[in-house]
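Data block below; observations after.
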Amino acid sequence: MASVFCFGSVLFRGVRTFHGNSFFLLKSVNNQIRGFSSIVNKSNKPEYDLVVIGGGSGGLSAAKEAANLGAKVAVLDYVTPSPRGSRWGLGGTCVNVGCIPKKLMHQAALLGEAVNDSRSYGWQLPSSENISHSWEALKDAVQGHVKSVNWVTRVDLRDKKVEYINGLGVFKDANTVHTTTKQGEKLLTAKYFLIAVGGRPRYPNIPGALEYGISSDDIFSLPHAPGKTLVVGAGYIGLECAGFLNGLGYDATVMIRSIVLRGFDQQMANIVKAEMQDKGVKFLMQCVPTAIEKLADGKLKASWQNAQNETFSDTFDTVLFAVGRRALTAELQLDKAGVKVAGDGEKIDAVNEQSNVPHIYAVGDVLYKKPELTPVAIVAGRLLARRLFGNSTLTMDYQNVATTVFSPLEYGCVGLSEEAAIAKYGEDNIEVYHGYYKPTEFFIPQKNVSNCYQKVVALREGAQKVLGMHFIGPYAGEVIQGFAAAIKLDLTIEALMNTVGIHPTIAEEFTRISITKRSGVDPTPASCCN
Ligand code: FAD
Ligand code: NDP
1 MASVFCFGSV
11 LFRGVRTFHG
21 NSFFLLKSVN
31 NQIRGFSSIV
41 NKSNKPEYDL
51 VVIGGGSGGL
61 SAAKEAANLG
71 AKVAVLDYVT
81 PSPRGSRWGL
91 GGTCVNVGCI
101 PKKLMHQAAL
111 LGEAVNDSRS
121 YGWQLPSSEN
131 ISHSWEALKD
141 AVQGHVKSVN
151 WVTRVDLRDK
161 KVEYINGLGV
171 FKDANTVHTT
181 TKQGEKLLTA
191 KYFLIAVGGR
201 PRYPNIPGAL
211 EYGISSDDIF
221 SLPHAPGKTL
231 VVGAGYIGLE
241 CAGFLNGLGY
251 DATVMIRSIV
261 LRGFDQQMAN
271 IVKAEMQDKG
281 VKFLMQCVPT
291 AIEKLADGKL
301 KASWQNAQNE
311 TFSDTFDTVL
321 FAVGRRALTA
331 ELQLDKAGVK
341 VAGDGEKIDA
351 VNEQSNVPHI
361 YAVGDVLYKK
371 PELTPVAIVA
381 GRLLARRLFG
391 NSTLTMDYQN
401 VATTVFSPLE
411 YGCVGLSEEA
421 AIAKYGEDNI
431 EVYHGYYKPT
441 EFFIPQKNVS
451 NCYQKVVALR
461 EGAQKVLGMH
471 FIGPYAGEVI
481 QGFAAAIKLD
491 LTIEALMNTV
501 GIHPTIAEEF
511 TRISITKRSG
521 VDPTPASCCN
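Heads up: the sequence shown begins at 1 in full-length UniProt numbering, then just goes up one per residue.
Take a look at the structure:
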């Protein structure tokens, strides 16, 4: 096994990198690939069994599993600072600038709501004006947690004898990856390579976007309170960020180019939006940004136009772009290894995670037409390592992956949307069960229940195989997770209806589902327990 060496989390080096519409001011990768030498393995045998490029969810999972199975493994991880200079440590997007800080800020917002609810449960609290929230305290707590995870991740790699190299990996040829570390240039040869480089936020190509806008790479470590914020984009990230910012007391506006949550069931997506509106989030529909300017007082003037080409503007403290993510393949010089990218010019189209170059694999967000979710990257990486080093033949199943949008009232789902089911099977062959419900916890504080809604999409014939389940309400991720396992085991409506619920919970609502859309019966319940 190779000995372990860990360098600083982020190493500044001279690399000029194309990033979305921007050029990071760093010098040419090509310039680095000269003068290396010393560390090249002179024998014909590759130095490593597996070299992983990217130490995020997928890369770390594959590296650790491969090492457990006795492989000699190195992981390269390097974070190019964001255009606003944000940078972070080992662990990838989820840990540093994704799932984890996002969930913590979502939780902070939910707690603010709970503080208010608690009055009606008898808690004697100061008046609302005397309760305040500190962004700085939240940011410090979140960053403290993130840094502890960075540290634990490094220790874990060392314990598992995975070599961690804090350097940007660039293919020199199909059998060699080049990197630069604080110690100098290094060439790594391996039997197998795994590309797990993930992605980074895109920016719209408009004046001022890069100079004055921020992205999800920056929001969780923003040193000052974001204030009045314009969020551009209505995917997962846009809605989640606008949701927690509003919950923390900041004025939040979402700018939507077309629809909310493209790819999701649109009835559910619009309920998510309605709930956010009820809670105070503003929406600008069918609008695109045209420019961001900095005013003399430091505020940002955002300009935009609507579908009729009418122009508008307003001032904000923060403009956050959440307009999708770019896979980090351009920096890898894949052409030198002969690895092809898919039609979109960025992502790798791999069958069972194997690229067109047989010993080069890819997992995670860099894969073409696969869900960009942490557990997807983790499971695919683990299963791949078992196939490469553990005699396994089990491949990753990308179907029926459950997911949750952590909007103020969460939306969890698994399987097909109503639209996708109709497109695949035809409307006559689909039965949609649905219903509103009243969470017991909402009664005493008299919270809005009008957006607590669930839907089960099933085949119409026989035992009615369930194709998709959709749930909007508190803890939607917790509710939907177990049903995802049931769907993998071919859950039917009959089995769902014969399942005895746990009372009083919100997850039991799925076991009480009985009204079909086709029947036209009112899906609004009279009480909590009918
Ligand atoms: P990453 O985790 O992005 O890791 C790639 C690593 O490789 C990075 O550290 C990168 O810097 C490094 N790297 C890139 N190029 C090179 C190179 N050439 N050399 C060396 N290192 C390199 N998913 C969920 O399941 N649930 C959520 O709640 C959720 N919330 C999210 C919230 C936000 C704001 C964002 C942005 C994402 C969220 N995601 C969530 C998605 C999730 O973070 C990603 O799907 C997941 O991190 C992808 O893992 P990965 O291994 O493909 O890449
Ligand atoms: P998405 O692709 O989901 O959404 C991008 C949004 O930006 C869309 O609303 C899109 O509109 C809009 N948009 C794109 N370009 C422009 C533009 N030039 N001007 C204005 N609007 C624009 O990306 P996200 O960044 O939100 O998320 C990326 C991925 O990260 C997700 O797919 C998800 O897999 C993962 N993620 C998972 C989370 C979770 O599990 N809870 C949370 C956050 C992220 P249009 O529809 O018109 O194209």
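Note that beta-carbon positions come from the ideal geometry of N, C-alpha and C, so glycine has one too. This structure is a prediction, so every number in the text was calculated from the model and none was measured.
{"query": "Same chain, Cβ closer than 7 Å to LYS336, neighbours up to 5 away in sequence not counted", "result": "PHE171, LYS172, ASP173"}
{"query": "Per-residue burial, HIS224 [other beta carbons within 10 Å of its own, 16 or more giving buried]", "result": "exposed"}
{"query": "Cβ-heavy atom distance, PHE406 to ligand 2, below 7 Å", "result": "yes"}
{"query": "Exposed unless 16 or more other CB atoms sit within 10 angstroms - verdict on ALA137", "result": "exposed"}
{"query": "CA nearest to the CA of THR384, picked from PRO445, CYS413, TYR192, ASP344", "result": "Note that residue 384 corresponds to Leu in the displayed sequence, not to Thr. The shortest Cα separation from LEU384 among PRO445, CYS413, TYR192, ASP344 belongs to TYR192."}
{"query": "Ligand 1 heavy atom lying under 7 Å from the CB of LEU168", "result": "yes"}
{"query": "Short Cβ contact (8 Å threshold) for GLY55 with VAL75", "result": "yes"}
{"query": "THR93 beta carbon near ligand 1 (any heavy atom closer than 7 Å)", "result": "yes"}
{"query": "Inter-residue Cα distance where the pair is TYR78 and LYS488", "result": "37 Å"}
{"query": "Coil, strand or helix - TYR48 by DSSP", "result": "strand"}
{"query": "Contacts around ALA476, its chain only, beta-carbon distance under 7 Å, and the 5 residues preceding and following it disregarded", "result": "THR404, GLU410, TYR411, GLY412"}
{"query": "At least 3 beta-carbon pairs within less than 8 Å: the segment 222-237 vs the segment 351-369", "result": "no"}
{"query": "Sheet register partners of GLU185 (DSSP bridge)", "result": "THR180"}
{"query": "Strand pairing of THR318, partner residues [DSSP]", "result": "THR229"}
{"query": "Spatial neighbours of PRO204 in its chain, beta-carbon cut-off 8 Å, leaving aside the 5 residues before and after", "result": "ASN21, VAL232, VAL288, PRO289, PHE321, VAL323"}
{"query": "TYR78 beta carbon near ligand 1 (any heavy atom closer than 7 Å)", "result": "yes"}
{"query": "DSSP state of HIS470 mapped onto helix, strand, coil", "result": "strand"}
{"query": "CA nearest to the CA of GLU441, picked from VAL95, ASN96, TYR121, ARG87", "result": "TYR121"}
{"query": "Burial state of ALA526, where buried means 16 or more other Cβ atoms lie within 10 Å", "result": "exposed"}
{"query": "ASP251 versus TYR368 - alpha carbon distance", "result": "36 Å"}
{"query": "GLU331, buried or exposed, once every other Cβ within 10 Å from all chains shown has been counted against 16", "result": "buried"}
{"query": "Cβ neighbour criterion (16 or more within 10 Å) applied to ASP365", "result": "buried"}
{"query": "Opening and closing residue of the alpha helix (DSSP H) in which ILE165 lies", "result": "Note, ILE165: premise wrong, no alpha helix (DSSP H); beta strand (DSSP E) at 163-165."}
{"query": "Helix, strand or coil at THR403 according to DSSP, with G and I counted as helix", "result": "strand"}
{"query": "Burial state of ASN41, where buried means 16 or more other Cβ atoms lie within 10 Å", "result": "For ASN41, the predicted structure reports a pLDDT of 48, less than 50, and the residue's modelled location is therefore unreliable. The matter cannot be settled from this model."}
{"query": "Any non-hydrogen atom of ligand 1 closer than 7 Å to PRO289 Cβ", "result": "no"}
{"query": "Residue range of the unbroken alpha helix (DSSP H) whose run includes GLY238", "result": "236-247"}
{"query": "Cβ neighbour criterion (16 or more within 10 Å) applied to HIS106", "result": "buried"}
{"query": "heavy atom of ligand 2 below 7 Å from residue 540 C-beta", "result": "Residue 540 is absent from the structure shown; the chain starts at 1 and stops at 530."}
{"query": "Among GLU494, GLY435, GLY59, the one whose alpha carbon lies nearest that of ILE271", "result": "GLY435"}
{"query": "Segment contact, 8 Å Cβ cut-off, at least three pairs: the segment 370-384 with the segment 56-65", "result": "yes"}
{"query": "Sequence-distant residues of its chain with Cβ nearer than 7 Å to GLU346 (five each side left out)", "result": "ARG326, ALA327, THR329"}
{"query": "As assigned by DSSP and simplified to three states, the class of VAL479", "result": "helix"}
{"query": "Contacts around SER303, its chain only, beta-carbon distance under 6 Å, and the 5 residues preceding and following it disregarded", "result": "THR290, ALA291, SER313"}
{"query": "Exposed unless 16 or more other CB atoms sit within 10 angstroms - verdict on TRP135", "result": "buried"}
{"query": "Residues that DSSP places opposite ASP173 in a beta bridge", "result": "THR176"}
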